[in-house]
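S.K.: Handing you this structure, nothing more for now.
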Amino acid sequence: MTVKFIIALVIAYALGNLSPSTIMAKARGIDIKKEGSGNAGTTNALRVMGKKAGLITALVDVFKGTVAVLIGILLVGRDPAGWCILAVFLGHVFPVLLGFKGGKGVATTFGAALGYNPIMALIALVAVAIVVFTTKRMSAGSLVGALSFPVLSFFMEPQLMPVAIIMFVIITVKHKDNIVRLIHGEEPVMGIFNKE
Numbered sequence: 209m210t211v212k213f214i215i216a217l218v219i220a221y222a223l224g225n226l227s228p229s230t231i232m233a234k235a236r237g238i239d240i241k242k243e244g245s246g247n248a249g250t251t252n253a254l255r256v257m258g259k260k261a262g263l264i265t266a267l268v269d270v271f272k273g274t275v276a277v278l279i280g281i282l283l284v285g286r287d288p289a290g291w292c293i294l295a296v297f298l299g300h301v302f303p304v305l306l307g308f309k310g311g312k313g314v315a316t317t318f319g320a321a322l323g324y325n326p327i328m329a330l331i332a333l334v335a336v337a338i339v340v341f342t343t344k345r346m347s348a349g350s351l352v353g354a355l356s357f358p359v360l361s362f363f364m365e366p367q368l369m370p371v372a373i374i375m376f377v378i379i380t381v382k383h384k385d386n387i388v389r390l391i392h393g394e395e396p397v398m399g400i401f402n403k404e
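Take the sequence shown: its position 20, counted from the start at 1, is 228 in the working numbering, and no numbers get skipped.
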């Protein structure tokens with residue numbers, strides 16, 4: 209079991225390293241880390257390369273999170289596979305293949321949660337959607353999503369609490385600049401809400 213658990217974590221971390229925004233940007237001769245916010249996630253892909261690239265990035269990031277957890281469940285069972293959520297998240301946020309500079313992990317966290325407990329993931333998604341469409345700021349929704357993970361875990365999946373708290377802290381720290389801009393009313397409107 210220990211060997212299988214390690215293998216599951218390694219696979220999850222490796223999947224987290226897959227960065228669709230970086231790949232698409234390179235194909236266009238762009239360094240995504242030097243454009244927009246410098247982030248390799250969905251929001252910056254949308255900002256720098258447009259709606260199609262943003263959608264592809266979101267879908268791939270969600271998919272890799274789901275696959276990582278499902279592989280973990282197959283290898284080691286459901287409860288231990290909860291740590292695969294953290295592993296794929298860390299692979300996305302701190303990818304060794306990209307010099308440990310990845311995205312903020314929100315879409316991948318949703319995908320991983322979807323693979324583990326679809327109902328919990330969808331409740332979090334509804335909360336995120338309400339905040340995003342109310343504020344027109346993805347960062348605000350992301351922070352609500354990060355907070356909802358430990359809250360929902362407490363009531364629905366208590367064994368995930370250590371994982372959820374660690375991820376909440378990391379996502380919040382990764383959004384520190386966004387938080388400052390939100391407080392000062394300087395956070396940009398999400399690209400899909402721009403009319404042009």
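Beta carbons: idealized from backbone N, C-alpha and C, even for Gly. From a predicted model like this one, the values you see are computed outputs, not experimental measurements.
A216 and I279 look like a contact to me (Cβ under 8 Å); what is the Cβ gap, rounded to whole Å?
M.R.: 6 Å
S.K.: Nearest CA to the CA of F302: which residue from K382, G393 and V334?
M.R.: Comparing C-alpha distances from F302 to each of K382, G393 and V334 shows the shortest one belongs to K382.
S.K.: Indicate the three-state DSSP secondary structure (helix, strand or coil) for H303 in the structure shown.
M.R.: First, the amino acid is wrong: residue 303 is Pro here, not His. Of the three classes helix, strand and coil, the one that applies to P303 here is coil, per DSSP.
S.K.: What's the C-alpha gap between K260 and G290?
M.R.: Linking K260 to G290 through their CA atoms gives a straight-line distance of about 31 Å.
S.K.: Is it true that the CB of A315 sits closer than 8 Å to the CB of C292?
M.R.: At a Cβ-Cβ threshold of 8 Å, C292 and A315 do not count as neighbours.
S.K.: Taking P358 as part of the alpha helix (DSSP H), name the residues at either end of that continuous run.
M.R.: M346 to M364
S.K.: If I measure Cβ to Cβ from P300 and keep anything under 6 Å in the same chain, skipping five residues before and after, which residues do I get?
M.R.: What sits at residue 300 in the sequence shown is His, not Pro. Counting only Cβ-Cβ distances below 6 Å, and skipping sequence neighbours, we find G224, G310, G311, G313 and T316.
S.K.: Decide if the segment 317 to 326 is in contact with the segment 225 to 233; the criterion is three or more beta carbon pairs, one per stretch, under 8 Å apart.
M.R.: no
S.K.: DSSP on L226, reduced to helix/strand/coil?
M.R.: coil
S.K.: Kindly indicate the opening and closing residues of the alpha helix (DSSP H) around P396.
M.R.: Element bounds for P396: n/a, residue is neither H nor E.
S.K.: Three or more beta-carbon pairs under 8 Å between the segment 355 to 366 and the segment 331 to 342, yes or no?
M.R.: yes
S.K.: Do you know how far the Cα of L368 is from the Cα of E404?
M.R.: Residue confidence for E404 is low, a pLDDT of 43 falling below 50, so the modelled location carries little weight; the figure read from the coordinates is stated next. So the alpha carbons of these two residues sit roughly 42 Å apart.
S.K.: Look at the Cβ atom of S229, then the Cβ atom of G249, and state whether they are nearer than 8 Å.
M.R.: yes
S.K.: Following the continuous alpha helix (DSSP H) through F318, name the residue where it begins and the one where it ends.
M.R.: V314 to Y324
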